[in-house]
Amino acid sequence: MTYHANMISLSRHEVPTWYHDAKFGIFIHWSLSSVPAFAPRDKGDIIEILKAEGAGAMMANQPYAEWYLNSIRIPGSPAWEHHRATYGLDYDYYDFAGDFNAALPQWDPDAWAETFSAAGARYVVPVTKHHDGFLLWPSLNPNPLKPGLHATRDVVGELTAAVRARGMRIGYYYSSLLDWTFTSEPIVDMVGGAVNVPTSRDYAMYSESHWRELIERHEPSLLWSDIGYPAASDLNALFAWYYNKVPEGLVNDRWAQAPPLVRWILERPWVRPRADRIAERMFINGATTLVTVHHDYVTPEYATFPEIRKGKWECVRGVGKSFCYNREEKPEDFIEPDEAVRLLADIVSKNGNLLLNTGPMPGGKIPDVQLGILKAMGKWLGVNGEAIYGTRPWVRAEGETVEGPRVRFTSRWNTLYAILMDTPQGGTVTLRGVDVPDGARVTMLGRKKELSWERSDRGVEVKVGRVAKSAAHTLKITPAPRAY
């Protein structure tokens, strides 16, 4: 199929099978902000702050360390105070480039790729440029304001080769709309992400040149834009060119283009507060853009959905409260390994993927607490991956057992997987509202022996026997039962 630069043509693009099947990917935030590695941790994650105090407090107390430059531009913020005390207010953020590049020879892309493969990831999405404008590859299109602002190694190219050598897909994150080398005023609310942005035609060409360069060089399987896209660019032309070059590629939803009139309206004092509150509610509920553009899937941040979604989606979150490395974070700020497993099961049961972020230190070391979470994911998927990879939602995502453990359902052809979100006690699990056909075979993944079962007026009772404590055990039922 040939795609053309219009919404009707682009809408014919389908989410590729590989992405439906992959389920689990690794996000990587690694940039200059990993050098100061600071963000306050005491207010909660981004959704908790938004719910409790609103966007103004969230920006001032930004838990994302990768927003350090914006945060130190807000006088009196915790990051501003930290920068003043640690480096002095006259210290230029971009001087951290020297520290980052000095540590770069230590980085081992093969070790990263091996870690992500062992974790069970099927695709990897590194940051190629975050909002600070630092490029993770020596681009043929250097920053016109800061020509040397890039990594001294081709991080993007080296990691792409290492990831593909282990059979995983590669996608690229690129901050299309925000580039703080082109702006100096801080973003202090949700609307600021749409209006306090570079708007020149030159910047639009600069941003698009990077996307086209990355696609031309590496043909990534996934384009992951953030915040939005310059209004002066023909976004449909970029997508059509990409799909024609990479038919099994896909694009996320964060490409909103706000024309000058929209930006002007949003900045009016009688409009901005209301627009900000609307944006807050949308973000909390999983939306990441105010403007509808072509996309293959949506990307709620630190948020999930309560039901099966018809459209494909991807939960994106850090293993902690920050994406980039934040040395302030404590062990209790990170997701528990068992909870990460249950999160993946919940998301997959509802037609989603999990893009779980790791934030390496300068030099590329992944902190031990983050490695522990990735290892736990890999260990669980090594036993239960059959219930995750290549599956599709069943007629319902969530279920209950008479004995207490919660259930998430996935399916494949004529097989149902019932993922028990709590460790069964007492040797029996009764799945409510599940009618198993005569002659069905019931097993538990990781065990060879078939389990006995019987129908009851409460559902199907499965004799699981003594079960070791685990994040989640999976029952496999073939042929698939009927729900009632």
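Mapping the sequence shown onto the numbering used here, position 132 (from 1) lands on 1195, and the numbers just tick up by one.
For each residue, glycine too, the CB sits at the ideal point set by N, CA and C.
Need the endpoints of the alpha helix (DSSP H) that residue i sits in, please.
{"i": "residue 1163", "result": "1159-1166"}
{"i": "residue 1115", "result": "1109-1116"}
{"i": "residue 1444", "result": "1431-1447"}
{"i": "residue 1143", "result": "1141-1149"}
{"i": "residue 1177", "result": "1172-1181"}
{"i": "residue 1451", "result": "Neither: residue 1451 is in no alpha helix (DSSP H) and is coded neither H nor E."}
{"i": "residue 1131", "result": "1131-1135"}
{"i": "residue 1072", "result": "1070-1073"}
What residues match up with residue i in a beta bridge as DSSP calls it?
{"i": "residue 1387", "result": "BP columns for residue 1387 are empty, so no partner."}
{"i": "residue 1480", "result": "1473, 1539"}
{"i": "residue 1090", "result": "1188, 1420"}
{"i": "residue 1514", "result": "1505"}
{"i": "residue 1525", "result": "1492, 1516"}
{"i": "residue 1415", "result": "1376"}
{"i": "residue 1498", "result": "1545"}
{"i": "residue 1530", "result": "Paired residues: none, contrary to the question."}
{"i": "residue 1314", "result": "1286"}
{"i": "residue 1194", "result": "Per DSSP, none; premise fails for residue 1194."}
{"i": "residue 1213", "result": "1198"}
Since residue i contacts residue j with CB under 8 Å, what's their CB separation in whole angstroms?
{"i": "residue 1187", "j": "residue 1226", "result": "5 Å"}
{"i": "residue 1382", "j": "residue 1398", "result": "6 Å"}
{"i": "residue 1137", "j": "residue 1126", "result": "Not really, about 14 Å apart at Cβ, beyond 8 Å."}
{"i": "residue 1483", "j": "residue 1543", "result": "The pair is not a contact, with the Cβ atoms about 17 Å apart (cut-off 8 Å)."}
{"i": "residue 1400", "j": "residue 1435", "result": "6 Å"}
{"i": "residue 1297", "j": "residue 1068", "result": "7 Å"}
{"i": "residue 1471", "j": "residue 1409", "result": "6 Å"}
{"i": "residue 1440", "j": "residue 1339", "result": "No, residue 1440 and residue 1339 are not in contact; Cβ-Cβ is about 36 Å, not under 8 Å."}
{"i": "residue 1299", "j": "residue 1070", "result": "7 Å"}
{"i": "residue 1475", "j": "residue 1414", "result": "Not quite, the Cβ-Cβ distance comes to about 14 Å (not below 8 Å), so this is no contact."}
{"i": "residue 1146", "j": "residue 1152", "result": "7 Å"}
Starting from the Cα of residue i, find the closest Cα among the options and give me that residue.
{"i": "residue 1417", "options": "1425, 1433, 1375, 1281", "result": "1375"}
{"i": "residue 1525", "options": "1531, 1509, 1153, 1504", "result": "1504"}
{"i": "residue 1294", "options": "1304, 1199, 1271, 1275", "result": "1271"}
{"i": "residue 1139", "options": "1149, 1128, 1124, 1153", "result": "1124"}
{"i": "residue 1210", "options": "1197, 1436, 1217, 1218", "result": "1197"}
{"i": "residue 1284", "options": "1512, 1168, 1236, 1207", "result": "1236"}
{"i": "residue 1411", "options": "1457, 1268, 1390", "result": "1457"}
{"i": "residue 1258", "options": "1282, 1322, 1312", "result": "1322"}
{"i": "residue 1234", "options": "1521, 1183, 1282", "result": "1282"}
{"i": "residue 1108", "options": "1369, 1455, 1429, 1385", "result": "1385"}
{"i": "residue 1242", "options": "1254, 1261, 1249", "result": "1261"}
{"i": "residue 1174", "options": "1497, 1287, 1442, 1428", "result": "1428"}
{"i": "residue 1129", "options": "1287, 1094, 1155, 1151", "result": "1094"}
{"i": "residue 1265", "options": "1306, 1231, 1208, 1478", "result": "1208"}
{"i": "residue 1407", "options": "1393, 1392, 1328, 1368", "result": "1368"}
{"i": "residue 1289", "options": "1221, 1317, 1310", "result": "1317"}
{"i": "residue 1313", "options": "1079, 1072, 1141", "result": "1079"}
{"i": "residue 1495", "options": "1135, 1531, 1468", "result": "1468"}
{"i": "residue 1528", "options": "1491, 1508, 1521", "result": "1491"}
{"i": "residue 1092", "options": "1404, 1218, 1309", "result": "1218"}
{"i": "residue 1141", "options": "1158, 1122, 1154, 1481", "result": "1122"}
{"i": "residue 1357", "options": "1365, 1303, 1213, 1149", "result": "1303"}
{"i": "residue 1263", "options": "1245, 1274, 1249", "result": "1245"}
{"i": "residue 1500", "options": "1073, 1287, 1229, 1478", "result": "1478"}
{"i": "residue 1627", "options": "1276, 1545, 1389, 1452", "result": "For residue 1627 there is no data in the structure shown, the boundaries of the chain being 1064 and 1547."}
{"i": "residue 1393", "options": "1096, 1104, 1086, 1077", "result": "1104"}
{"i": "residue 1192", "options": "1146, 1150, 1118, 1286", "result": "1286"}
{"i": "residue 1533", "options": "1232, 1462, 1444", "result": "1444"}
{"i": "residue 1171", "options": "1205, 1222, 1159, 1182", "result": "1222"}
In the DSSP assignment, find the beta strand (DSSP E) that holds residue i and state where it starts and stops.
{"i": "residue 1506", "result": "1504-1507"}
{"i": "residue 1494", "result": "1491-1495"}
{"i": "residue 1085", "result": "No beta strand (DSSP E) holds residue 1085; the alpha helix (DSSP H) holding it covers 1080-1085."}
{"i": "residue 1456", "result": "1455-1463"}
Examine the ligand NAD and report whether any of its heavy atoms sits within less than 7 Å of the Cβ of residue i.
{"i": "residue 1414", "result": "By its list of ligands, the structure shown contains no ligand whatsoever, and the ligand NAD lies outside what it can speak to."}
field: Unbroken stretches of the beta strand (DSSP E), 3 residues or longer, contained in the segment 1225-1312
entry: Listed in chain order, the complete beta strand (DSSP E) runs (minimum 3 residues) inside the segment 1225-1312 are 1232-1237, 1285-1288.
message: Quick check on the DSSP output: what are the complete alpha helix (DSSP H) runs of length 4 or more inside the segment 1323-1410, in order along the chain?
response: 1323-1330, 1335-1347, all fully within the segment 1323-1410.
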